[in-house]
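Q: Can you read through this structure? Questions will come right after.
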Amino acid sequence: MENKLKTTKKSTWDEIRESLILCGNIGEFEEDMIHNEDIPRLIYKGKAVLGDNLFRKFNLS
44 MENKLKTTKK
54 STWDEIRESL
64 ILCGNIGEFE
74 EDMIHNEDIP
84 RLIYKGKAVL
94 GDNLFRKFNL
104 S
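Position one of the sequence shown corresponds to residue 44 (the working numbering), numbered consecutively onward.
Structure follows, in structure tokens:
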């Protein structure tokens, strides 16, 4: 189960990174950066909803 969670976290990171690439490079995945509560659990109009707390962790300026 732990390995599946790590894979999900990395996959989520990769999707976020790809989506934000025009805003800036958010770097490589670090295991301790994304916590379980950061993984999207809500779906709105067929897409995952990312919580504000996840974006507060990134400095995109």
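Think of the CB as a built atom: it goes at the ideal place given N, C-alpha and C, for glycine as much as any other residue. Since the model is a prediction, treat every value here as computed from it, not as a measurement.
Count the other C-beta atoms from every protein chain shown that fall within 10 angstroms of the C-beta of Lys52, then say buried if there are 16 or more, exposed otherwise.
A: It counts as buried.
Q: Helix, strand or coil: which one does DSSP assign to Leu63?
A: Three-state result, Leu63: coil.
Q: Exposed or buried, Ile59, counting other C-beta atoms within 10 Å across all chains shown (16 or more means buried)?
A: Answer is buried; the Cβ neighbour count reaches 16.
Q: Whole angstroms is fine: what's the gap from Glu45's alpha carbon to Asp95's?
A: Rounded to the nearest angstrom, the two C-alpha atoms are 25 Å apart.
Q: Helix, strand or coil for Glu71 per DSSP?
A: It is coil, neither helix nor strand.
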